[in-house]
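Residue numbers (our numbering): 5 to 69.
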């Protein structure tokens with residue numbers, strides 16, 4: 005878990021070529037670090053299995069601010 009007074013999360017579905025499912029997560033900090041509110045964007049991608057479940061392939065994150 006995480007403390008919602010420290011960060012907020014926004015999640016939306018995305019499309020990433022070569023994957024069956026993708027989720028974009030934006031994490032925004034509520035406290036300044038070196039004068040800015042830190043923001044990160046992550047993409048988590050999944051591939052569908054033979055029994056219609058989804059296997060996690062990878063998550064990649066980058067700092068936006």
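A virtual CB, placed ideally from N, CA and C, is assigned to each residue, including glycine.
Beta-carbon proximity of residue i to residue j, cut-off 8 Å
i          : j          : result
residue 15 : residue 36 : no
residue 43 : residue 31 : yes
Sheet register partners of residue i (DSSP bridge)
i          : result
residue 47 : 28 and 64
residue 40 : 37
residue 15 : 29
Residue i, DSSP secondary structure in three states
i          : result
residue 35 : coil
residue 59 : strand
Identity of the residue in the options nearest residue i by Cα
i          : options       : result
residue 40 : 67, 9 and 6   : 67
residue 19 : 11, 69 and 51 : 51
residue 34 : 63, 62 and 12 : 12
residue 62 : 26, 7 and 8   : 26
residue 69 : 60, 45 and 56 : 45
Closer than 7 Å: residue i CB and nearest the ligand GTP heavy atom
i          : result
residue 66 : As far as ligands go, the structure on display features none, and thus does not contain the ligand GTP.
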